[in-house]
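Residues in the sequence shown are numbered consecutively from -1, following my numbering. Following: one structure in C-alpha cells, then a few remarks.
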Amino acid sequence: MATARACANIALVKYWGKRDPARNLPAAGSLSLTLAALVTETTVVFDAAAAADQLVLDGAPASAGDLARTAAILDLVRARAKIATRARVTSENRFPTASGLASSASGYAALAVAATRAAGLDLAPRELSVLARRGSGSAARSIFGSFVRMRAEGDAYAEPIASPLAERIQMVIAIVGGGAPKSRGSRDAMEHCAATSPLYAAWLALVPRDLAAAEAALAAGDLDALGAIAEANALAMHATAMASRPAIVYWQPATLALLAEVRALRARGVAAWATIDAGPHVKVVTTIDAAVEVARATQKIDGVTNVMISGVGGPAAIVEAPR
Ligand code: DP6
C-alpha cells in the first residue's frame, strides 16, 4: 500500500484538444502553475482478496466512469509491475468545500504516484507524468511543482520550468456559484470543439506562439507579460468553445463581471490577470503583495460564492507513514 499527495494546477497556456484520444495525447503543449491550496490525497492498496478494483472518492463509492478510468491506470501499473492483484483506492480532495473545482489533475497525479509505489515500482518523475497523463492530460503537469510545461510531442510528458516569478506569484480563485447546470466536462467539450469549431485550427496555431512568449516571460521574470498571455490565451480557448456548434458557453454573468473587475484592478495599477477553465469560475494571476486586495475586489461581485488565495504548490509525493 502507499499514500500520495498531489496539488491541482491551473493552466496559463491551456491544453484544449487531443491528437490521439485513445492514448490521451494532447494536440499542443501547455503551461501551468501548481497550486498549494488544492490538494488530493490518494491511498492505493493492492489486495489479493479483492475480486475487482474499487474506488472510494471523498467517502462515497465512485461512479462507473470514474472507476473505469482509475482501473485503466491500475492496469498500466500492473502490466509494468507484472502483477495481477486488484486494488482498493481511496481518494480525498482537500479542497475547500463547495469550491466547484475540478480535481482530475491532482487526482490522477496522486493515483500515479501511489499506485506505482504500492506495486513496488520506482518510476522517475517523467515516467510518472506520462502515466498520469493517461488519466487526464492536465494531471501530467501536477507531478511537478511551481511552473510546468507540457510537451505535446512523443510520449507527451511534463517538466518543471524555473522562474524568478515562483517567488512572488499567487492565484486568487473566485468561485462562481448559482443554479447553472453542471458544466460540460473538458474531455467531451474539447472533442466537440475539434469536430465543429471553425476556430479550432486557429487555436492550435496560436498555442505554440503563446507558449514561446510565456516561457520568455518566465525566464525574464516578467509578470506583466506572463499575465497578459494567460488572459488572452484563456479568452481564445473560450472563443473556440463558443464558436463550436452547438455552442459551449461556460460563462455566467458573474464570470463577465469578474473579467471587468480584473481589468479595473489593472487600470488602477494592481497586478491582476484572469484565466478561466471549463466552468464559470475565474482564477486571477496576481502577486503576494496584491493578493488580498484582488481577493476583496472579487468577493464583492454578485454571484461569487467563495474566494481562495493560493500560493505555489510543490510536486506530487508519497506521504510517508508515521513510524
Ligand atoms: C480547460 O486534463 O481535464 O483545464 O485529458 O480529457 O482528462 P482530459 O482533459 P483535462 O483538460 C483540462 C482542460 C483545461 C485546460 C488545462 O488544464 O490545460
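C-beta atoms are modelled at their ideal positions from N, C-alpha and C, and glycine is treated no differently.
Given a threshold of 16 other Cβ atoms within 10 Å of its Cβ, counted over all protein chains shown, does residue i qualify as buried or as exposed?
i, result
"V75", "buried"
"M148", "buried"
"R207", "exposed"
"G225", "buried"
"E259", "buried"
"E213", "buried"
"A203", "exposed"
"D73", "exposed"
"R243", "exposed"
"A58", "exposed"
"P162", "exposed"
"A314", "buried"
"D275", "buried"
Using only the alpha-carbon positions, how far apart do residue i and residue j sit?
i, j, result
"D300", "S308", "22 Å"
"A232", "A82", "43 Å"
"V111", "R266", "44 Å"
"A270", "R84", "47 Å"
"V101", "A46", "In the sequence on display, residue 101 carries Ser and not Val. The alpha-carbon atoms of S101 and A46 are separated by roughly 29 Å."
"A49", "A154", "33 Å"
"L221", "V268", "12 Å"
"T88", "T114", "15 Å"
"A252", "A234", "19 Å"
"L33", "G312", "8 Å"
"W14", "M188", "6 Å"
"I141", "I316", "11 Å"
"A218", "A295", "29 Å"
"A199", "D18", "16 Å"
"T238", "S184", "13 Å"
"D186", "Y106", "18 Å"
"I71", "A62", "15 Å"
Over what stretch of residues does the alpha helix (DSSP H) that includes residue i continue unbroken?
i, result
"A218", "Y198 to A218"
Go to residue i, then tell me how far its beta strand (DSSP E) extends in each direction, as first and last residue.
i, result
"E189", "Per DSSP, E189 belongs to no beta strand (DSSP E); it is in the alpha helix (DSSP H), S184 to T194."
"P324", "Lying outside -1 to 321, the shown extent of the chain, residue 324 is not represented and no answer is given."
"V146", "F145 to M148"
"A172", "I167 to V174"
Runs of alpha helix (DSSP H) wholly within the stretch 238 to 311 (minimum 4 residues, chain order): Scanning the stretch 238 to 311 from its first residue to its last, the whole alpha helix (DSSP H) runs of 4-plus residues come out as 251 to 265 and 289 to 297.
Unbroken stretches of the alpha helix (DSSP H), 4 residues or longer, contained in the stretch 73 to 134: For the alpha helix (DSSP H) assignment, the uninterrupted runs of no fewer than 4 residues enclosed by the stretch 73 to 134 are, from N- to C-terminal side, 102 to 116 and 123 to 133.
4-residue-minimum alpha helix (DSSP H) runs that sit fully inside the stretch 0 to 78, ordered along the chain: Taken in chain order, the whole alpha helix (DSSP H) runs of length 4 or more contained in the stretch 0 to 78 number zero.
Pair every Cβ in the stretch 157 to 176 with every Cβ in the stretch 265 to 283, then say whether three or more of these pairs are closer than 8 Å. Output reads yes: the stretch 265 to 283 touches the stretch 157 to 176.
Would you be able to state if there are at least three C-beta pairs under 8 Å between the stretch 22 to 34 and the stretch 2 to 13? The stretch 2 to 13 makes contact with the stretch 22 to 34, as at least three CB pairs between them are under 8 Å.
Specify whether the stretch 151 to 168 and the stretch 123 to 142 touch according to this definition: at least 3 beta carbon pairs, one from each stretch, less than 8 Å apart. Between the stretch 151 to 168 and the stretch 123 to 142, the count of Cβ pairs shorter than 8 Å is three or higher; the stretches touch.
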